[in-house]
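Engineer: Per the UniProt record's numbering, the very first residue in the sequence shown carries number 1; after that it's consecutive.
Just so it is clear, CB atoms sit at the ideal spot from N, CA and C, and this is done for glycine as well.
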Amino acid sequence: MAPAITPDLNFYYPQPGTKLKGGRYVLLRPLGSGVYSTTWLVLDSQERDSDAPNQGYAAVKVLTRMATDAHKSGTMNELDFLKYIAHIASRSNLPVLLDDFEMIGPTGSHLCFVVTLMGLDVTSLRRSSPNNALRPYIVKKIISDVVESLSVLHESGIIHTDVKGNHVLFGGVHPDEIREELENHPPEVIGQFELSDGTKHYVFAARPFIGPARWNMLHLQSEAQAYQLIDLGHAQWAGQQPTVTTFGSGALRAPESVVGSDFGPHIDIWAVGCLTYELLAGESLFNPVGKDDREMEVELLSQIFALTGERYSELTLSRAQWSDDFLDKEGNLKGENVLNPTSVEARLSSRGFISEAEVTLAANFIGQCLKVEPANRPSAEDLLGHTWLYGAWCCNPDH
């Protein structure tokens, strides 16, 4: 018998076989969950017998009640972004919105987005490797696709704000793989609970599609992969007042975000640099710790300054909302949070499994992304022309 749990009633807890939108979509199995949503594999009854490549299989993202309310109030705008890019998403490694609707659950209403089905995230792929790192040619293909997606978003006036490995997924899952996966791994119950009206609900384990690609795939296999940048739940319109004040995930936060200055597309470029290092080296580039958010942000800035050797410009500081919390009048950290200088190149070399030639070019690419002054970072379009990314399609992989 499944253990009793205390559910977060902000979420919707459907059962396999549940039908949505008048019976059109049949829920088959949960694929994943986040702070603001759960994602399920669905079968579209209107497409299952068609000649469409997916044969009716898709994914439905079911938002929490809180996220649904945030969309209605304008704090979150993921649906608007998905609709805005719908005409270009399929050729830009971005999620393709197939349908959207609102449904009523036992505890409230939930917005639902039906999107194309995708596979495993690249953080999970990286962690499947013995050294937690991926081969350089695989990383180059992943980052190339991510940067291409960002180029399209930025050209469309959209800032992602939350680029990280969990938000980069293998694109496309073949229907035969789906049927085999469902046969071999049926939904697994991991908990149960009862609502006040006496109805019993079960909670099922989320399981993404792993697919045939592995951490040690060959170069030609890597070239054939496509990676999609997903989750526009935290995205913002460029040039408009942001709807929130915090951007990015912990150690991937850009320095201007910490002091509340110069919000713009360049924060995505900073995250690309951090993600590139993480995939290559098998560890986070920055690892701030502290007993509260302020201590962690001070530690993050200390690590950034030690790695880059740079400081904020006078212009950036003049626009900052919270610089006095961290910095003195000269732009240096208050207190004794000064670390010994290092470099991206030294950090990559210290891992011991990346060739010297690879380290040099990769460090240059990452270093371009990690300019403390936002205006000094390249655009996504400019990054696509960086020499290091050309190795994604080179048939002489450097292990």
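#1: Flag this pair as yes or no: are the beta carbons of Leu-79 and Asp-100 separated by less than 7 Å?
#2: Can you confirm whether Val-244, when its beta carbon is compared against all beta carbons of chain B, has any partner nearer than 7 Å?
#3: Assess contact between the region 371 to 388 and the region 293 to 312, defined as three or more Cβ pairs (one per stretch) separated by less than 8 Å. Is contact present?
#4: From Asp-398 to Phe-286, what does the alpha carbon distance come to, in whole angstroms?
#5: Could you pull out every unbroken alpha helix (DSSP H) segment of at least 4 residues lying fully inside the region 281 to 345, listed in chain order?
#6: Ordered along the chain, which non-local residues of its own chain (more than five positions away) have a Cβ less than 7 Å from that of Ser-249?
#7: Just to confirm my understanding: we take Val-26, look at its own chain, exclude 5 residues before and 5 after, and list those with CB closer than 7 Å. What are they?
#8: From the DSSP output, in three-state form, read off Leu-41 for me.
#9: How close, in whole Å, do the beta carbons of Phe-209 and Glu-177 come, if the pair is a contact with beta carbons under 8 Å?
#10: Note the first and the last residue of the continuous alpha helix (DSSP H) segment covering Pro-175.
#11: Taking C-beta to C-beta, are Ala-59 and Thr-39 nearer than 7 Å?
#12: Go to Tyr-84, then tell me how far its alpha helix (DSSP H) extends in each direction, as first and last residue.
#13: Just to confirm before moving on: does the CB-CB distance between Thr-342 and Leu-307 stay below 7 Å?
#14: In the structure shown, what three-state DSSP assignment does Arg-347 receive?
#15: Is Ala-205 near Glu-188, with beta carbons less than 7 Å apart?
#16: Rounded C-beta distance between Gly-233 and Tyr-84? I'm assuming under 8 Å.
#17: Tyr-137 lies in the alpha helix (DSSP H); which residues open and close that run?
#18: Does Asp-8 come out as helix, strand or coil in the three-state DSSP assignment?
#19: To the nearest angstrom, report how far apart Leu-169 and Gln-368 are at their CA atoms.
#20: Does the distance from the CB of Pro-265 to the CB of Ala-238 come in under 7 Å?
#21: What residues are listed by DSSP as bridge partners for Met-103?
#22: What span of residues does the beta strand (DSSP E) with Val-372 cover, start to end?
#23: Distance, Cα to Cα, Gly-23 vs Met-103?
#24: Can you check which of these residues, Ala-89, Ile-190, Phe-81, is closest to Arg-29 by C-alpha distance?
#25: Just to check my reading of the structure: Gly-171 and Ala-226 have Cβ atoms closer than 8 Å, yes? What is that Cβ distance to the nearest angstrom?
#26: If you follow the beta strand (DSSP E) that Pro-30 is part of, which residue opens it and which one closes it?
#27: Starting from Leu-169, follow the beta strand (DSSP E) in both directions and report where the run begins and ends.
#28: If you drop the 5 nearest sequence neighbours on each side, which residues of the same chain put their C-beta closer than 8 Å to that of Ala-363?
#29: In this structure, does DSSP put Trp-270 in helix, strand or coil?
Structural biologist: Well, looking at it:
#1: Yes, the pair counts as a contact, with Cβ atoms nearer than the cut-off.
#2: The displayed structure is made up of one protein chain only, and chain B is not part of it.
#3: yes
#4: Interpretation of Asp-398 is limited by its pLDDT of 47, a score under 50 that renders its predicted location unreliable; the figure taken from the coordinates is listed afterwards. Distance between the alpha carbons of Asp-398 and Phe-286: 26 Å.
#5: Within the region 281 to 345, complete alpha helix (DSSP H) segments of at least 4 residues are found at 293 to 308, 314 to 319, given in chain order.
#6: Asp-162, Lys-164
#7: Around Val-26: Gly-17, Lys-19, Val-42, Leu-43, Ser-45.
#8: strand
#9: 7 Å
#10: 175 to 184
#11: yes
#12: Note, Tyr-84: alpha helix (DSSP H), 78 to 84.
#13: yes
#14: helix
#15: If you check the CB distance, Ala-205 and Glu-188 come in under 7 Å.
#16: The Cβ separation is near 15 Å, so there is no contact.
#17: 136 to 155
#18: coil
#19: 25 Å
#20: yes
#21: His-110
#22: Per DSSP, Val-372 belongs to no beta strand (DSSP E) and is neither H nor E.
#23: 12 Å
#24: Ile-190
#25: 4 Å
#26: 25 to 33
#27: 168 to 171
#28: Within the same chain, Cβ atoms closer than 8 Å to the Cβ of Ala-363 are found at Ser-343, Val-344, Glu-345, Leu-348, the five residues on either side in sequence being excluded.
#29: helix
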